[in-house]
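For the sequence shown, the residue numbers in the numbering used here are 365 to 432.
Ideal placement from N, C-alpha and C gives every residue a C-beta, glycine not left out.
In this text the structure is predicted, and so the values were computed from the model without any measurement.
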Amino acid sequence: MPPKIRQLKAALQRAGFIKEAGKGSHTVWKHTQIPEVTVTLSGNDGHDALKYQIKDVRDALRKVGEDL
């Protein structure tokens with residue numbers, strides 16, 4: 365079973381990313397120390413994460429030295 369969007373957001377927050385507003389259900393996450401590392405997530409917290417969203421979050425976390 366894929367993780368929920370809320371789990372991806374929690375992982376980003378633990379790694380030092382901050383949430384910026386997006387349009388509709390989109391949120392943009394930027395790292396506090398490395399601002400060029402960003403992730404855009406769409407969907408409500410209870411939705412299952414899609415494969416590309418999991419990959420995007422995993423790649424961003426690796427860039428800042430964390431893991432999903």
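Original post:
Got a sec? Which residues, its chain only, sit under 8 Å from Met365 by beta carbon, not counting five neighbours each side?
Top reply: Here residue 365 refers to the residue found at position 1 of the sequence shown. Correct list, in chain order: Asp412.
**OP:** Keeping to the same chain, check which residues put their C-beta closer than 7 Å to that of Gln417; ignore five residues upstream and five downstream.
**Re:** Here residue 417 refers to the residue found at position 53 when the sequence shown is read from its first residue. So the qualifying residues of the chain are Leu372, Leu405.
Subject >> For Gly388 and Ala424, the rounded distance between their alpha carbons >> reply: Taking the sequence shown and counting its residues from 1, the one referred to as residue 424 is at position 60. Taking the sequence shown and counting its residues from 1, the one referred to as residue 388 is at position 24. Roughly 22 Å between the two C-alpha positions.
Original post:
Of the choices Gly410, His390, His395, whose alpha-carbon is the least far from that of Arg378?
Top reply: Within the sequence shown, numbered from 1, the residue matching residue 378 stands at position 14. Per the Cα distances, His395.
**OP:** Report all residues from its chain with a CB closer than 6 Å to the CB of Leu376; omit the five preceding and five following residues, and keep chain order.
**Re:** The count along the sequence shown starts at 1 and reaches residue 376 at position 12. If we look at Leu376 and ignore the five residues flanking it on each side, its Cβ neighbours are Trp393.
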